[in-house]
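Notes for the one structure printed next.
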Amino acid sequence: MSNSTCQSTKLWLMPEFGNLELFRAEAICYSYARHSHPSYSIGVIEAGIGGNYYRGTNYLAPSKSVIFMNPEEVHTGYSAEELPLTYRMVYPSIDFIQQIASDVQIRGFPYFKDAVVQNKVLARDILSLHVVLEQSNSRLAQQSQLIEVLSDILLNYADIKLQSIRLGKEHQSVRLIKEYLHDNLSSNISLEELGKITNLNRSYLIRVFRNAVGMPPYTYLNQIRVEKAKRLLRQGISIADAAIMVGMSDQSHLTRHFKRILGITPGRYRNMSRSFKTN
């Protein structure tokens, strides 16, 4: 399948809701590289068939399907059966979801077992919420629908994960590698450095990390570099400067990985962020 975008995409941020990120894609033909999100992912398919490789299984989500994904879980995404795909996504942070969970008397860490759910009423409610968050100027309408929809989702579709999503008992070496990559993302990190902090040989180190995280260390590093670049671009940093600050070799290097993961270029993301701030 071609990685061309047939029509349009839009991504924007709502700081008042815990930096809630929203994404809308209209009639796209695209395949996303393996990646994960630090937030929850909740979406609805409006047209076409959404495909995801997730937890070792391929999932197909036809029109009116609801999508659920947990933080840090690796997946791909693509428009299936060569059909243009239209969908909307909401990315609430772990902290924001936990606030809602506490409000509805849910203890522990909400965890979605089902990646695709067929519920036309819920799909309609998520679509309505997304439109309100994009178009309405009423803070009360935005707050009310967001809380109502997320509460309904948690009460009906979330199990309680006994281990914290963020603080679960990861292999100690995996935790050390993650911390090192986050702390040194602008450096030209080598496997030898990771081997020194974990006392693991290179082959075993890669295997342990891939099994735990779903991707090898270099792919994880590129992902956190893109996340850092997003924050810098929202602050008004130029693409070229952001690329250097996050350890990419140049602007084209950042653009390549940015688009593979997010489906849009850093330039479009920066313009979208500016547009949001001026609306």
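Numbering (my numbering), first residue to last: 325 to 603.
Backbone N, C-alpha and C define an ideal beta-carbon position, used for all residues, glycine too.
- In the DSSP annotation of this structure, Glu396 is not part of any alpha helix (DSSP H), being labelled neither H nor E.
- Within 10 angstroms of the beta-carbon of Gln547 lie 16 or more other beta-carbons, which makes it buried.
- By the neighbour-count definition (other C-beta atoms within 10 Å, threshold 16), Thr522 is a buried residue.
- Bounds of the alpha helix (DSSP H) holding Phe582 are 575–586.
- If you compare the alpha carbons of Leu470, Val455, Tyr364, Leu337 with that of Ala482, the shortest gap goes to Tyr364.
- At the C-beta level, Met572 and Arg555 stay beyond 8 Å of one another.
- DSSP, read as helix, strand or coil, puts Tyr364 in coil.
- Every beta strand (DSSP E) of 3 residues or more that sits fully in the region 447–513 is shown, in chain order, as 482–485.
- For Thr381, the three-state secondary structure derived from DSSP is strand.
- Assignment of Pro434 by DSSP, reduced to helix, strand and coil, places it in the strand class.
- Judged by pairs of C-beta atoms under 8 Å, the region 370–382 touches the region 394–411, as three or more such pairs exist.
- Ile513 and Tyr415 have their alpha carbons spaced roughly 30 Å apart.
- Linking His361 to Pro434 through their CA atoms gives a straight-line distance of about 16 Å.
- If you look at Thr543, you'll find it in the alpha helix (DSSP H) that goes 541–558.
- Taking every protein chain shown into account, the CB of Gly367 has 16 or more other CB atoms within 10 angstroms, so this residue is buried.
- Put simply, the backbone Cα of Arg531 is about 14 Å away from that of Arg499.
- Under the three-state reduction of DSSP, Thr589 is assigned to coil, being neither helix nor strand.
- Leu346 is classed as buried because its beta carbon has at least 16 other beta carbons within 10 Å across all chains shown.
- Following the DSSP letters along the chain, one finds Ser355 inside the beta strand (DSSP E) bounded by residues 355–359.
- Between the alpha carbons of Asn443 and Asp574 lies a gap of roughly 45 Å.
- Judged by DSSP in its simplified three-state form, Lys334 adopts strand.
- With a threshold of 16 other beta carbon atoms within 10 Å, Pro339 falls short and is exposed.
- For Gly591, the closest C-alpha among the options Ile585, Leu545, Thr579 is that of Thr579.
- Here Asn461 is exposed: its Cβ has fewer than 16 other Cβ atoms, across all protein chains shown, within 10 Å.
- Between Val440 and Tyr383, the C-beta spacing is below 8 Å.
- Fewer than three beta-carbon pairs drawn from the region 454–471 and the region 383–394 are found closer than 8 Å, and the two stretches are therefore not classed as touching.
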